[in-house]
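Taking it in order: structure first as C-alpha coordinates, then the write-up.
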(Lines of atoms letter the chains of each structure in order from A; the text may use other names.)
(Lines give C-alpha, C1' and ligand atoms only; values in the text may rest on other atoms or scores of the structure.)
Protein backbone atom coordinates (compact mmCIF):
# COMPACT_ATOMS: atom_id res chain seq x y z
CA UNK A 239 0.00 0.00 0.00
CA UNK A 240 1.28 3.49 -0.84
CA UNK A 241 0.37 6.58 1.10
CA UNK A 242 1.11 10.26 1.23
CA UNK A 243 0.93 12.47 4.25
CA UNK A 244 0.23 16.11 4.99
CA UNK A 245 -3.52 16.21 4.27
CA UNK A 246 -3.91 19.70 5.60
CA UNK A 247 -5.07 22.90 3.92
CA UNK A 248 -1.95 24.97 4.68
CA UNK A 249 0.69 22.33 4.04
CA UNK A 250 1.29 20.66 0.69
CA UNK A 251 0.61 16.96 0.44
CA UNK A 252 3.91 15.09 0.51
CA UNK A 253 4.61 12.42 -2.05
CA UNK A 254 7.07 10.20 -0.21
CA UNK A 255 9.58 8.24 -2.28
CA UNK A 256 12.34 5.99 -0.89
CA UNK A 257 15.37 5.01 -2.97
CA UNK A 258 18.56 3.13 -2.20
CA UNK A 259 20.73 5.88 -3.72
CA UNK A 260 20.29 8.99 -5.86
CA UNK A 261 21.21 7.08 -9.03
CA UNK A 262 18.15 4.83 -8.57
CA UNK A 263 15.94 7.82 -9.43
CA UNK A 264 17.26 8.02 -12.97
CA UNK A 265 17.37 5.83 -16.06
CA UNK A 266 20.69 3.95 -16.13
CA UNK A 267 20.69 3.76 -19.93
CA UNK A 268 20.44 7.54 -20.42
CA UNK A 269 23.95 8.90 -21.20
CA UNK A 270 22.87 12.55 -20.71
CA UNK A 271 24.47 14.80 -18.10
CA UNK A 272 22.91 14.41 -14.65
CA UNK A 273 20.50 17.39 -14.90
CA UNK A 274 19.17 16.15 -18.25
CA UNK A 275 18.71 12.49 -17.36
CA UNK A 276 15.35 10.77 -17.71
CA UNK A 277 13.69 9.63 -14.52
CA UNK A 278 13.48 5.91 -13.92
CA UNK A 279 10.15 4.66 -15.33
CA UNK A 280 8.98 3.31 -11.97
CA UNK A 281 9.86 6.54 -10.17
CA UNK A 282 8.05 8.61 -12.80
CA UNK A 283 4.98 6.37 -12.68
CA UNK A 284 4.92 6.61 -8.89
CA UNK A 285 5.20 10.43 -8.81
CA UNK A 286 2.74 11.03 -11.67
CA UNK A 287 0.33 8.43 -10.28
CA UNK A 288 0.16 10.22 -6.95
CA UNK A 289 -0.14 13.64 -8.62
CA UNK A 290 -3.15 12.34 -10.58
CA UNK A 291 -4.87 11.36 -7.33
CA UNK A 292 -5.32 15.01 -6.38
CA UNK A 293 -6.84 18.07 -7.96
CA UNK A 294 -4.38 20.16 -9.96
CA UNK A 295 -5.08 22.97 -7.47
CA UNK A 296 -3.92 20.85 -4.50
CA UNK A 297 -0.37 21.80 -3.45
CA UNK A 298 2.07 18.90 -3.57
CA UNK A 299 5.67 18.41 -2.45
CA UNK A 300 8.07 15.57 -3.25
CA UNK A 301 10.21 14.12 -0.45
CA UNK A 302 12.84 11.63 -1.55
CA UNK A 303 14.35 9.47 1.20
CA UNK A 304 17.83 8.29 0.24
CA UNK A 305 19.20 5.29 2.16
CA UNK A 306 22.87 5.51 1.10
CA UNK A 307 24.56 8.84 1.81
CA UNK A 308 26.32 10.33 -1.24
CA UNK A 309 29.73 12.03 -0.91
CA UNK A 310 28.27 15.48 -1.55
CA UNK A 311 24.77 16.83 -1.00
CA UNK A 312 23.09 16.41 -4.42
CA UNK A 313 19.82 18.11 -3.37
CA UNK A 314 20.04 21.04 -5.78
CA UNK A 315 21.13 18.82 -8.68
CA UNK A 316 18.29 16.35 -8.04
CA UNK A 317 15.75 19.19 -7.75
CA UNK A 318 16.93 20.70 -11.05
CA UNK A 319 16.97 17.31 -12.78
CA UNK A 320 13.40 16.51 -11.67
CA UNK A 321 12.13 19.96 -12.67
CA UNK A 322 13.96 19.75 -16.01
CA UNK A 323 12.54 16.28 -16.71
CA UNK A 324 8.94 17.27 -16.00
CA UNK A 325 9.39 20.53 -17.98
CA UNK A 326 10.40 18.37 -20.93
CA UNK A 327 7.45 16.00 -20.32
CA UNK A 328 5.17 19.06 -20.15
CA UNK A 329 5.96 19.86 -23.79
CA UNK A 330 4.79 16.44 -25.05
CA UNK A 331 1.05 16.84 -24.27
CA UNK A 332 1.08 20.17 -26.15
CA UNK A 333 2.49 18.43 -29.21
CA UNK A 334 0.00 15.58 -28.80
CA UNK A 335 -2.87 18.06 -28.42
CA UNK A 336 -1.92 19.80 -31.67
CA UNK A 337 -1.68 16.41 -33.43
CA UNK A 338 -5.10 15.31 -32.11
CA UNK A 339 -6.69 18.62 -33.16
CA UNK A 340 -5.09 18.37 -36.62
CA UNK A 341 -6.43 14.81 -37.01
CA UNK A 342 -9.78 16.04 -35.68
CA UNK A 343 -9.95 18.74 -38.37
CA UNK A 344 -9.10 16.18 -41.06
CA UNK A 345 -11.68 13.69 -39.80
CA UNK A 346 -14.26 16.49 -39.45
CA UNK A 347 -13.70 17.52 -43.07
CA UNK A 348 -13.97 13.90 -44.27
CA UNK A 349 -17.00 13.26 -42.04
CA UNK A 350 -18.85 16.37 -43.23
CA UNK A 351 -18.06 15.56 -46.86
CA UNK A 352 -19.34 11.99 -46.41
CA UNK A 353 -22.45 13.16 -44.52
CA UNK A 354 -23.21 15.71 -47.24
CA UNK A 355 -22.73 13.01 -49.91
CA UNK A 356 -25.09 10.65 -48.07
CA UNK A 357 -27.75 13.33 -47.65
CA UNK A 358 -27.36 14.37 -51.28
CA UNK A 359 -27.66 10.74 -52.44
CA UNK A 360 -30.89 10.50 -50.42
CA UNK A 361 -32.46 13.30 -52.43
CA UNK A 362 -31.95 11.32 -55.64
CA UNK A 363 -33.75 8.27 -54.29
CA UNK A 364 -37.41 8.23 -55.24
CA UNK A 365 -39.74 8.59 -52.26
CA UNK A 366 -41.86 5.50 -52.67
CA UNK A 367 -43.29 2.88 -50.37
CA UNK A 368 -40.65 0.43 -51.56
CA UNK A 369 -39.13 -1.22 -48.45
CA UNK A 370 -35.68 -1.57 -50.00
CA UNK A 371 -35.49 2.13 -50.97
CA UNK A 372 -36.71 3.17 -47.51
CA UNK A 373 -34.05 0.96 -45.97
CA UNK A 374 -31.40 2.44 -48.27
CA UNK A 375 -32.51 6.01 -47.45
CA UNK A 376 -32.30 5.36 -43.70
CA UNK A 377 -28.97 3.55 -44.11
CA UNK A 378 -27.49 6.57 -45.88
CA UNK A 379 -28.62 8.86 -43.04
CA UNK A 380 -27.16 6.55 -40.39
CA UNK A 381 -23.90 6.04 -42.32
CA UNK A 382 -23.47 9.80 -42.70
CA UNK A 383 -23.88 10.41 -38.97
CA UNK A 384 -21.68 7.45 -38.05
CA UNK A 385 -18.92 9.06 -40.13
CA UNK A 386 -19.24 12.08 -37.83
CA UNK A 387 -18.63 10.02 -34.68
CA UNK A 388 -14.83 10.25 -34.84
CA UNK A 389 -14.65 14.07 -35.13
CA UNK A 390 -17.24 14.40 -32.36
CA UNK A 391 -15.24 11.99 -30.19
CA UNK A 392 -12.10 14.05 -30.80
CA UNK A 393 -13.63 17.45 -30.10
CA UNK A 394 -15.81 16.41 -27.17
CA UNK A 395 -13.66 13.89 -25.29
CA UNK A 396 -10.18 13.05 -26.63
CA UNK A 397 -8.53 16.33 -25.65
CA UNK A 398 -9.49 16.22 -21.94
CA UNK A 399 -6.90 13.60 -20.84
CA UNK A 400 -4.20 15.38 -22.84
CA UNK A 401 -4.92 18.71 -21.14
CA UNK A 402 -4.97 17.00 -17.74
CA UNK A 403 -1.53 15.43 -18.41
CA UNK A 404 -0.25 18.85 -19.46
CA UNK A 405 -1.48 20.42 -16.21
CA UNK A 406 0.00 17.60 -14.10
CA UNK A 407 3.43 17.78 -15.79
CA UNK A 408 3.39 21.56 -15.55
CA UNK A 409 2.69 21.30 -11.83
CA UNK A 410 5.41 18.66 -11.33
CA UNK A 411 7.93 20.85 -13.18
CA UNK A 412 7.64 23.29 -10.25
CA UNK A 413 7.03 20.87 -7.36
CA UNK A 414 9.09 21.53 -4.21
CA UNK A 415 11.62 18.69 -3.91
CA UNK A 416 13.32 17.76 -0.64
CA UNK A 417 16.08 15.18 -0.52
CA UNK A 418 16.07 13.40 2.84
CA UNK A 419 19.63 12.14 3.28
CA UNK A 420 20.47 9.59 6.02
CA UNK A 421 21.62 12.24 8.51
CA UNK A 422 18.26 14.06 8.23
CA UNK A 423 16.11 11.00 7.64
CA UNK A 424 13.70 10.78 10.57
CA UNK A 425 12.52 7.17 10.10
CA UNK A 426 8.88 8.21 9.78
CA UNK A 427 6.59 5.26 9.29
CA UNK A 428 5.42 5.82 5.70
CA UNK A 429 4.90 2.98 3.29
CA UNK A 430 6.61 4.19 0.14
CA UNK A 431 7.71 2.81 -3.17
CA UNK A 432 11.12 1.18 -3.19
CA UNK A 433 12.76 0.35 -6.54
CA UNK A 434 13.82 -3.23 -7.10
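Residue numbers (the working numbering): 239 to 434. Positions of the beta carbon are idealized from the N, C-alpha and C atoms, including for glycine. Values in this document were obtained by computation on a predicted structure and should not be read as measured data.
Straight-line CA distance for residue i to residue j?
i, j, result
"residue 246", "residue 302", "Bear in mind that the predicted position of residue 246 carries a pLDDT of just 47, short of 50, making it unreliable; the figure below should be weighed with that in mind. Rounded to the nearest angstrom, the two C-alpha atoms are 20 angstroms apart."
"residue 396", "residue 338", "8 angstroms"
"residue 384", "residue 414", "48 angstroms"
"residue 259", "residue 334", "34 angstroms"
"residue 292", "residue 305", "28 angstroms"
"residue 386", "residue 344", "11 angstroms"
"residue 340", "residue 404", "18 angstroms"
"residue 399", "residue 411", "18 angstroms"
"residue 281", "residue 263", "6 angstroms"
"residue 284", "residue 312", "21 angstroms"
"residue 361", "residue 277", "60 angstroms"
"residue 379", "residue 331", "36 angstroms"
"residue 314", "residue 288", "23 angstroms"
"residue 377", "residue 369", "12 angstroms"
"residue 322", "residue 357", "53 angstroms"
"residue 375", "residue 366", "11 angstroms"
"residue 318", "residue 355", "56 angstroms"
Hey, could you find the ends of the alpha helix (DSSP H) residue i is sitting in?
i, result
"residue 405", "397-410"
"residue 418", "Premise fails: residue 418 lies in the beta strand (DSSP E), 415-418, not in any alpha helix (DSSP H)."
"residue 290", "279-290"
"residue 338", "313-362"
"residue 385", "369-385"
With 16 as the cutoff for other CB atoms within 10 Å, does residue i come out buried or exposed?
i, result
"residue 349", "buried"
"residue 402", "exposed"
"residue 316", "buried"
"residue 371", "exposed"
"residue 298", "buried"
So, are the CB atoms of residue i and residue j less than 7 angstroms apart?
i, j, result
"residue 407", "residue 327", "yes"
"residue 389", "residue 346", "yes"
"residue 300", "residue 251", "no"
"residue 307", "residue 417", "no"
"residue 296", "residue 342", "no"
For the beta strand (DSSP E) containing residue i, name the first residue and the last one.
i, result
"residue 255", "251-257"
"residue 299", "298-304"
Indicate, with yes or no, if the ligand ATP has a heavy atom lying under 6 angstroms from the CB of residue i.
i, result
"residue 415", "Questions concerning the ligand ATP fall outside what the structure shown contains, since it holds no ligand whatsoever."
Which whole-angstrom value is the C-beta distance of residue i and residue j, which I expect to be below 8 angstroms?
i, j, result
"residue 382", "residue 363", "The Cβ separation is near 14 angstroms, so there is no contact."
"residue 205", "residue 409", "Summary: the structure shown does not reach residue 205, with the chain confined to residues 239 through 434, and so no result is reported for it."
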